[in-house]
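Novice: Please see the structure below; I have some questions.
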Amino acid sequence: MNRPLPVVHLRVPTDEDAVAWHRIFDDPDVMEFHGGRSSELYVYEELTARQRRHDAERGFCLWTMLDESGRVVGFTGAQPWPQEWGPKGEIEIGWRLGREHWGKGYATAAARMTLERVRAAGVESVVGMVLSQNARSIAVTRRLGMSLAETFTTPTSKKEGHCYRLAL
Ligand SMILES: CC(C)(COP(=O)(O)OP(=O)(O)OC[C@H]1O[C@@H](n2cnc3c(N)ncnc32)[C@H](O)[C@@H]1OP(=O)(O)O)[C@@H](O)C(=O)NCCC(=O)NCCS
């Protein structure tokens, strides 16, 4: 890929960002691999509040992504894996973009910044947990140089997924 990555800014999610995330993710394409249905505003209020806590405690979180003009386009970043199953105790990287912002390199650009920040915070490796049908997300892990470490089945919906890992 010779095209330059787009300019992207990351900020710790604010209260207002919960509203922006709710608005831009209210789309069946965006939610296809997240249960298929849009989440209520309170889900994003809790998620953004949790990210502020992670930032305070660890120096990284899932950050709000803004484009060059300051428009919220999604989130990307890292957090402790939040489930009881799977890679407990590891740091997960993740990304979600509003539909109109796909296809421009924003997730890759923001994930590269995430890897630098997480490495600087002393984290030695990260995982990416992706359902095996989510080709766009798997493509992001490839662009980052992550390797397939194992496969898993989600406990409730019984979907097959891939755990990618990258040593920092
Ligand atoms: C997963 C998701 C973030 C991927 O978004 P994306 O735009 O495909 O990924 P990137 O930001 O890395 O951009 C890559 C695209 O930009 C294009 N691009 C343009 N310039 C680029 C550059 N300099 N470098 C890399 N890609 C570039 C690529 O060609 C590619 O587009 P294509 O697949 O249409 O060819 C997005 O599909 C999404 O939000 N999905 C819903 C939420 C979700 O499933 N999250 C992941 C859960 S595990």
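Each residue of the sequence shown is one higher than the last, beginning at 1 in UniProt numbering. Glycine included, C-beta positions come from ideal geometry on N, C-alpha and C. The model shown is predicted, which means the values in this text are computed figures rather than measured ones.
Use the C-beta contact count for Y42: other C-beta atoms within 10 angstroms, 16 or more gives buried, fewer gives exposed.
Specialist: That one is exposed.
Novice: Output the boundary residues of the alpha helix (DSSP H) element that contains R52.
Specialist: L41 to R58 is the extent of the alpha helix (DSSP H) around R52.
Novice: Which residues does DSSP pair with S147 in a beta bridge?
Specialist: S147 is bridged to R165.
Novice: Please return the same chain residues whose Cβ sits closer than 7 angstroms to the Cβ of L148, not counting the five positions on each side in sequence.
Specialist: Excluding sequence neighbours, L148 sits near H162 and Y164.
Novice: Verify the contact flag: K104, CB atom, against every heavy atom of ligand 1, threshold strictly below 7 angstroms.
Specialist: Within the cutoff, so yes.
Novice: Which same chain residues, not among the five before or five after R96, have their C-beta less than 6 angstroms away from its C-beta?
Specialist: Closer than 6 angstroms at the Cβ level, and outside the excluded window around R96, lie G74 and F75.
Novice: In chain order, what residues of the same chain lie with their CB nearer than 7 angstroms to the CB of E45, ignoring the 5 residues before and after it?
Specialist: A18.
Novice: Could you give the distance in angstroms between the alpha-carbon of S69 and the alpha-carbon of V7?
Specialist: Distance between the alpha carbons of S69 and V7 is about 9 angstroms.
Novice: Do E92 and A110 have their beta-carbon atoms positioned less than 8 angstroms apart in this structure?
Specialist: Not closer than 8 angstroms, so no.
Novice: Please report the straight-line C-alpha distance between G105 and E84, rounded to a whole angstrom.
Specialist: Cα-Cα distance, rounded: 32 angstroms.
Novice: Does the distance from the C-beta atom of L166 to that of V123 stay below 8 angstroms?
Specialist: Contact: no.
Novice: Along the chain, where does the alpha helix (DSSP H) that runs through P28 open and close?
Specialist: Here the alpha helix (DSSP H) through P28 covers P28 to M31.
Novice: Going by the DSSP bridge assignment, what does S125 pair with across the sheet?
Specialist: Its beta-bridge partners are A167.
Novice: Give every residue of the same chain whose Cβ lies closer than 8 angstroms to the Cβ of T151, excluding the five residues on either side of it in the sequence, and list them in chain order.
Specialist: Around T151: S132, E160, G161, H162 and C163.
Novice: Under a Cβ-count criterion, where at least 16 other Cβ atoms within 10 Å of its own Cβ denotes burial, should A20 be classed as buried or exposed?
Specialist: The residue in question, A20, is buried, as its Cβ has 16 or more Cβ neighbours within 10 Å.
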